[in-house]
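Participant:
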Amino acid sequence: MNSTPENNTFSVSVKADRLAFGDTVLFEHIEFDLPASEWTCLLGPSGVGKTTLLRLFAGLVPDVENVEVKCSDGRELKSRAAYMAQQDLLMPWLSVVDNVMLGERLRSEQPDKARALDLLARVGLTENANNLPAKLSGGMRQRAALARTLMEDRPVVLMDEPFSALDAITRIRLQDMAAELLKDRTVLLVTHDPLEALRLGDRIHVMSGRPVKLDEPLTPPGTAPRDLHDPAVLEGQADLLERLAAADQDKAA
Numbered sequence: 432m433n434s435t436p437e438n439n440t441f442s443v444s445v446k447a448d449r450l451a452f453g454d455t456v457l458f459e460h461i462e463f464d465l466p467a468s469e470w471t472c473l474l475g476p477s478g479v480g481k482t483t484l485l486r487l488f489a490g491l492v493p494d495v496e497n498v499e500v501k502c503s504d505g506r507e508l509k510s511r512a513a514y515m516a517q518q519d520l521l522m523p524w525l526s527v528v529d530n531v532m533l534g535e536r537l538r539s540e541q542p543d544k545a546r547a548l549d550l551l552a553r554v555g556l557t558e559n560a561n562n563l564p565a566k567l568s569g570g571m572r573q574r575a576a577l578a579r580t581l582m583e584d585r586p587v588v589l590m591d592e593p594f595s596a597l598d599a600i601t602r603i604r605l606q607d608m609a610a611e612l613l614k615d616r617t618v619l620l621v622t623h624d625p626l627e628a629l630r631l632g633d634r635i636h637v638m639s640g641r642p643v644k645l646d647e648p649l650t651p652p653g654t655a656p657r658d659l660h661d662p663a664v665l666e667g668q669a670d671l672l673e674r675l676a677a678a679d680q681d682k683a684a
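Our numbering puts the first residue of the sequence shown at 432, with every later residue one more than the last.
#1: Under a three-way DSSP split, which group does MET522 fall into?
#2: My output table needs one value for THR482: the three-state DSSP class, helix, strand or coil.
#3: By Cβ distance below 6 Å, which residues in the same chain neighbour GLU462 in space, the five residues on each side in sequence not counted?
#4: Write down the C-beta distance between LYS481 and MET638 rounded to the nearest angstrom, noting that I regard them as a contact closer than 8 Å.
#5: Mapping DSSP to helix, strand and coil, what is GLU647?
#6: Is MET402 helix, strand or coil when you go by DSSP?
#7: For the structure I just gave you, are there three or more beta carbon pairs, one from the region 548-561 and one from the region 526-535, closer than 8 Å?
#8: Spell out a yes or no on whether the region 493-503 and the region 552-571 are touching, meaning 3 or more CB-CB pairs, one atom from each, closer than 8 Å.
#9: Using C-beta distances below 7 Å, list every residue in its chain close to GLY667, excluding the 5 sequence neighbours before and after it, in chain order.
#10: Let's test the definition: count the other Cβ atoms within 10 Å of the Cβ of ALA545 and tell me whether it reaches 16, buried, or not, exposed.
#11: Are the CB atoms of SER477 and ASP464 nearer to each other than 8 Å?
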């Protein structure tokens with residue numbers, strides 16, 4: 432059963448009048464929304480700006496002007512968002528359970544070890560709770576990172592290709608786990624994998640061009656995680672591959 436984060440009924444938007452790095456204009460007059468309690472997925476060629484857009488939501492792009500992140504309830508997003516990166520970012524000198532509780536310790540809060548152990552049980556790592564990360568496989572490390580993300584109990588979760596380095600079977604298992612454990616959260620997922628987006632996403636955008644353009648979202652039917660053999664998933668994959676091919680040509684032009 433999922434833990435229930437604080438109010439997750441608010442949507443989030445980022446608006447950028449202009450964002451440039453040197454002479455390269457990345458975003459111009461762009462506005463992008465994350466609907467409440469939905470998974471929004473970003474696809475696009477390498478270097479198009481997917482991670483930068485995610486980092487704008489996270490407040491991790493320094494020295495930017497004319498960029499505004501707003502929540503529909505009027506409160507700030509920063510303290511209400513959790514971030515999960517492609518690398519697991521586990522501290523090698525801490526046990527798995529201590530890694531899960533790291534956020535609480537950094538905030539000088541009393542760690543809730545019982546909850547951390549419960550989350551590790553939910554991701555299948557009970558027997559590894561006291562091990563150091565070096566003893567874990569890649570898939571196990573990402574499960575620990577997922578437990579740490581859940582430990583933060585934030586209504587918004589920003590995920591930057593968290594499963595891309597895993598083998599195909601482990602990736603599918605982690606997708607299934609994330610879909611279950613992050614149900615009803617507001618999630619932004621950056622991915623290079625159209626099938627991953629189709630399995631998990633409520634809305635899928637393809638980014639292209641300079642300045643960046645966002646196409647109309649694809650909205651897969653059904654409930655995540657979707658079956659790989661679902662005809663709608665296969666049809667959606669063909670659609671997304673066409674969009675990505677066009678985006679790649681746009682980038683090269």
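Virtual Cβ for every residue (Gly too), placed ideally from N, Cα, C.
Facilitator: According to the structure data:
#1: Here residue 522 corresponds to residue number 91 of the sequence shown, with the count starting at 1. Three-state DSSP puts MET522 in coil, outside helix and strand.
#2: Locating residue 482 in the sequence shown gives position 51, where the first residue counts as 1. It is helical.
#3: Start at 1 with the first residue of the sequence shown, and residue 462 comes out as number 31. Answer for GLU462: LYS446, listed in chain order.
#4: Position 50 of the sequence shown, counting from 1, holds the residue named residue 481. Position 207 of the sequence shown, counting from 1, holds the residue named residue 638. For LYS481 against MET638, the beta-carbon gap comes to about 6 Å, under 8 Å, which counts as contact.
#5: Against the sequence shown, residue 647 aligns to sequence position 216. Looking at GLU647 - three-state DSSP - the assignment turns out to be coil, as it is neither helix nor strand.
#6: An answer regarding residue 402 cannot be provided, because it is not within the stretch 432 to 684 covered by the chain.
#7: The region 526-535 and the region 548-561 touch, with three or more beta-carbon pairs separated by less than 8 Å.
#8: No, they do not touch.
#9: For this step, residue 667 is matched to residue 236 along the sequence shown. Counting only Cβ-Cβ distances below 7 Å, and skipping sequence neighbours, we find LEU629, LEU649, PRO651.
#10: By one-based count along the sequence shown, residue 545 stands at place 114. Counting the other Cβ atoms within 10 Å of the Cβ of ALA545 gives fewer than 16, which makes it exposed.
#11: Position 46 of the sequence shown, counted from the start, is the residue given in the question as residue 477. Position 33 of the sequence shown, counted from the start, is the residue given in the question as residue 464. Against a cut-off of 8 Å, the Cβ pair of ASP464 and SER477 comes out as no contact.
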